[in-house]
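Student:
Numbering (the working numbering), first residue to last: 341 to 582.
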């Protein structure tokens with residue numbers, strides 16, 4: 341059983357990126373997954389007066405959510421304990437079917453998505469995109485098989501800012517269609533669970549966002565951050581938020 345908690349290595353200073361005067365991204369930093377100190381795929385985005393969370397886990401805020409996007413049901417992405425802290429009656433969840441079933445049992449309002457779905461809400465255009473493994477984590481078993489229909493998201497917010505959150509995925513053919521991205525959040529941890537630094541830098545250099553935030557990696561592999569930054573084209577800003 342996977343146990344997730346706040347890491348004692350978490351930076352006590354809240355990490356934020358002010359992309360422009362209308363868009364702020366916040367990370368709460370390191371969590372502990374079993375015995376590993378781990379930077380997760382968990383972010384808050386504030387834009388146009390709306391508070392959006394993606395995969396909120398062990399947040400240090402109770403600021404209520406207008407929208408919560410969840411990529412899949414693994415406990416470092418889906419945390420009912422965290423959700424209960426930030427949800428309000430009007431909160432809308434956008435999530436794959438497996439997560440939607442769990443949340444619907446709690447009476448929450450959900451919009452179920454599969455890859456290639458699009459939803460427009462309050463001027464926010466959200467596109468669910470493919471996120472899956474091509475490599476086996478053990479024998480023939482994949483950690484994130486395509487059949488699960490897990491997702492990443494492309495959110496188009498005010499000022500037509502486009503944010504790509506890749507979810508847990510390898511470098512996959514469907515990424516070839518992603519374009520016009522301003523901010524990319526990409527996993528770099530590898531281990532046949534997600535893209536490694538070579539694959540992550542490859543997609544970043546292809547889609548050419550203005551800003552990239554690496555995510556989903558163990559702190560013991562901090563050297564990978566330096567290498568990832570060196571592999572990303574110099575005109576792309578790499579923001580490390582641990």
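All C-beta atoms in this analysis are idealised placements derived from N, C-alpha and C, irrespective of residue type, glycine included.
Whole angstroms are fine: how far does the CA of residue 498 sit from the CA of residue 462?
Tutor: By 1-based counting over the chain shown, the position of residue 462 is 122. By 1-based counting over the chain shown, the position of residue 498 is 158. Rounded to whole angstroms, residue 462 to residue 498 spans 10 Å at the Cα level.
Student: Using only alpha-carbon positions, find the residue among 455, 417, 456 and 573 that is nearest to residue 583.
Tutor: This structure leaves residue 583 out entirely; the chain is present only between 341 and 582.
Student: Using CA atoms only, rank isn't needed, just tell me which of 466, 366, 369 and 372 is closest to residue 407.
Tutor: The residue you call residue 407 lines up with position 67 of the chain shown. The shortest C-alpha separation from residue 407 is found at 466.
Student: Might you give, ordered along the chain, the residues of its own chain that have their beta carbon closer than 6 Å to the beta carbon of residue 347, omitting 5 neighbours on each side?
Tutor: Numbered from 1 along the chain shown, position 7 holds the residue referred to as residue 347. Answer for residue 347: 370, 371, 372 and 377, listed in chain order.
Student: Can you tell me whether residue 608 is buried or exposed, with buried defined as 16 or more other CB within 10 angstroms of its CB?
Tutor: Since the first and last residues shown for the chain are 341 and 582, residue 608 lies out of range.
Student: Can you tell which of 455, 343 and 522 has its C-alpha closest to the C-alpha of residue 374?
Tutor: The count along the chain shown starts at 1 and reaches residue 374 at position 34. If we check each option's Cα against that of residue 374, 343 comes out closest.
Student: So what does residue 502 bridge to, in DSSP terms?
Tutor: For this step, residue 502 is matched to residue 162 along the chain shown. Answer is 496, bridged to residue 502.
Student: First and last residue of the alpha helix (DSSP H) that includes residue 568?
Tutor: On the chain shown, position 228 is the one that residue 568 refers to. Element bounds for residue 568: 563-571.
Student: Check whether the region 549-562 and the region 377-386 touch, using three or more Cβ-Cβ pairs below 8 Å as the test.
Tutor: yes
Student: Relative to the C-alpha of residue 504, which residue among 572, 469 and 568 is closest?
Tutor: Translated into the one-based positions of the chain shown, residue 504 becomes position 164. Closest option to residue 504, Cα to Cα, is 469.
Student: Measuring only the C-alpha atoms, how far is residue 402 from residue 424?
Tutor: In the chain shown, residue 402 corresponds to position 62, counting from 1. In the chain shown, residue 424 corresponds to position 84, counting from 1. The straight-line gap from Cα to Cα measures roughly 9 Å.
Student: Considering only residues of the region 382-466, which uninterrupted alpha helix (DSSP H) runs meet the minimum length of 4 residues and lie entirely inside it, listed in chain order?
Tutor: 420-426 and 437-444
Student: Which whole-angstrom value is the C-beta distance of residue 482 and residue 476, which I expect to be below 8 Å?
Tutor: The residue labelled residue 482 in the question sits at position 142 within the chain shown. The residue labelled residue 476 in the question sits at position 136 within the chain shown. Indeed they touch by this definition, with Cβ atoms about 6 Å apart.
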